[in-house]
Amino acid sequence: MSNPGGDGRTHINSPLMRESLQNKGVLATTDSDRDLQIFPDVSLVSIGGQSIFDRGKEAILPLVAELVEIKADKTIKFVVGVGGGTRVRHTISIAVDLGLPVGGMAQLVGAMEELNAILLNTLLAPHGSMPMQRDHFWDLPLYFDAGITPIAISVPPFHFWEPPPTEGHLPMHGSDFGLFQLAEVLGMKQAIFVKDEDGLYDKDPKHHKSAKLYNKITLAELMKNMPAENILDHELYEAFLTAKSLKRVVIVNGLKHGQLTRALRGEDVGTVITKETRRG
Amino acid sequence: MAERRTIASLLSGSTMTGGGGEKLDYRPTAVMPDVKVVKIGGQSILDRGRSAVFPILDEIVAARKLGIQVVLLAGGGTRARHIYSIASELEVPTGVVATLGKYIPMQNARMLQMLLAKHGGIYMLPDDFEKLPLYLQMGCIPVMSGMPPFGYWEKREEGSRIPPHRTDAGVFLSAEFLGSKRAIFIKDEDGLYTDDPKKDPKATHIPRITAKELTARGLPDVVIERMVIEYLPRAQWCKELQIVNGLKPGQVLAALKGDDVGTIISV
């Protein structure tokens, strides 16, 4: 083989050629203060598994009705994802007992979320909705143009490659992280998490009557005093810290009609966690 | 309002945050502990072409004939750097860069499969681990991309646009899932040096080092992706990484037989 690089390896001329991609100085040359934002006018809506779907019809149907109302306003663009709830917890507790590797657990759980996605699509399809294949993001302009609500896969595709967790034995990358990351990589306007509480509290309000609700808080303030029992997964906050595009995460109560609508309109409702981004 | 209908389990009602595993009795089961998970470097081996690749494949085929179960994972190399470089200029998010990074290791894996086909080389998709028992019992040499399937879901790392999980991470995480105790990386150096030997001729070889010592040294050009060094102490199974020089005859076969050649990085 020809040897244009002079060291036995054929290189293509590029700024990273022959450089170690482990070198922090080299890596820094690839970075900048901004990311290209692909869909900046779109919101991500995540509907809780335990908090909404596990309550059945009484919680699900009013929320679907609200989504249908929202869809009438064509200026509001959003992608929906769902959590898996109690079946995910059951799956993992059996998997832990069997001693399955963490990557095996991660491979299994997506199926439980998918069940809720199928249910949601069954209810929304008559009004225009479709499950979106894993990373078929480039179909999104078509969905929005046609008034079809895409239902995204919420669990990230870490599967067998789920990294060893920092503590304990459970996969760290669940649906909260997966949907956050989807919103971040596509440069979306905000990620809205629909739960069964009015937002994030300093303590779990289901166990403490004195729990105090955060209305608007910056990520930096929250990180200084992160509630131990949290309505969102820890990995979501970790990803939020290094995220470049997403600056707004909202937690609303899906059991109270109208909260999601207001959040989608950009109003401050529930808990709004904001982040100062470097984007000018 | 209707109550949550929960299935009773040790985790029911839990938020699944902060590990949640204190009350769980976890005795891990290894999936396929005898499998050797082996990476063929992109820039270090594949980009050198026939002169580097053929002798390595000969040794892998020889190992397979001895009954050693090998799964090959391909690295990316200079074409990956090329697309990373252009994508960075366009300021696309890390998740998009990671998705672009999937294609080159896939090409390399396909090249290796074509060369190994007559010896049982079989191309495997990322989620095909469930078919490994069949392939290996048939005497095949499964070949796949080393890139983890994170793609658009790859988190960015502060101060970089390059995906932190690349093919080294994919190899380590594959070995960890399969329950293999050592992941083998075939590169073009004898392993770890005090500095990049391609740039500093005074750099000296390190035969064995712990992940902790390696981190403490803060070497600017670490031979293995940083994520792997971070994960190693947390591993349940894959507690050793072996880096061998594929350009030196006999090293790959020795490593596949379990000999301590090259550099061993341990927990």
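Each protein sequence line maps, in turn, to chains A and B. Numbers in this note's numbering are just positions in the first sequence, counted from 1, shifted up by 18. Numbers in this note's numbering are just positions in the second sequence, counted from 1, shifted up by 15. For glycine and all other residues, C-beta sits at the position ideal for the given N, C-alpha and C. Please read all numbers here as calculations on a predicted model, not as lab measurements.
Check each residue of the segment 54-66 of chain B: if its Cβ is closer than 8 Å to any Cβ of chain A, include it; give the result in chain order.
-> 58, 59, 62, 63, 64, 65 and 66
Starting from residue 99 of chain A, follow its DSSP beta bridges and name the residues at the other end.
-> A:64
Among B:177, B:238, B:79 and B:163, nearest to residue 157 of chain B - alpha-carbon criterion = Minimum Cα distance to residue 157 of chain B is reached at B:79.
Do the segment 117-126 of chain B and the segment 186-201 of chain B meet, that is, are 3 or more Cβ pairs less than 8 Å apart?
-> no
Smallest Cα separation from residue 131 of chain A: which of A:112, A:143, A:108 and A:115?
-> A:108
Just the Cα atoms here: how many angstroms apart are residue 224 of chain A and residue 16 of chain B?
-> 14 Å
Alpha-carbon spacing of residue 86 of chain B relative to residue 253 of chain B, whole angstroms | 15 Å
Would a C-beta distance cut-off of 8 Å place residue 198 of chain B and residue 52 of chain B closer than the cut-off?
-> yes
Just confirm the distance between the C-beta atoms of residue 102 of chain A and residue 67 of chain A, as a whole number of angstroms; I'd bet it's less than 8 Å.
-> 5 Å
Report the residue from B:127, B:185, B:90 and B:204 whose alpha carbon sits nearest the alpha carbon of residue 218 of chain B.
-> B:204
N- and C-terminal bounds of the alpha helix (DSSP H) containing residue 232 of chain B = 226-232
Under 8 Å between the Cβ atoms of residue 251 of chain A and residue 195 of chain A?
-> yes
Please list, in chain order, all residues of the same chain as residue 57 of chain A whose beta carbon is under 7 Å from its beta carbon, the five residues on each side excluded.
-> 158, 204, 205 and 206
Straight-line Cα distance separating residue 142 of chain A from residue 79 of chain A = 10 Å
Can you give the Cα-Cα distance for residue 229 of chain A and residue 216 of chain A, rounded to whole angstroms?
-> 12 Å
Separation of residue 20 of chain B from residue 91 of chain B, as counted between CA atoms = 48 Å
Tell me whether the beta-carbon of residue 185 of chain B lies closer than 8 Å to the beta-carbon of residue 278 of chain B.
-> In this structure, residue 185 of chain B keeps its C-beta atom at 8 Å or more from the C-beta atom of residue 278 of chain B.
Using the rule of at least 16 other Cβ atoms within 10 Å of the residue's Cβ for burial, across every protein chain shown, is residue 89 of chain B buried or exposed?
-> buried
Taking DSSP as the reference, what is the three-state secondary structure of residue 148 of chain A?
-> In the structure shown, residue 148 of chain A adopts extended strand secondary structure according to DSSP, grouped into three states.
In this structure, what does DSSP give as the bridge partners for residue 271 of chain A?
-> A:213
Contact set for residue 139 of chain A: own chain, Cβ-Cβ below 8 Å, skip 5 residues either direction | 147, 148, 149 and 169
Answer with buried or exposed for residue 273 of chain A, where buried requires no fewer than 16 other C-beta atoms within 10 angstroms of its C-beta.
-> Looking at its Cβ environment, which holds 16 or more other Cβ atoms inside 10 Å, residue 273 of chain A is buried.
Residue span of the alpha helix (DSSP H) that contains residue 359 of chain A, given as start and end = Because chain A is modelled from 19 through 298, residue 359 of chain A falls outside the range shown and cannot be assessed.
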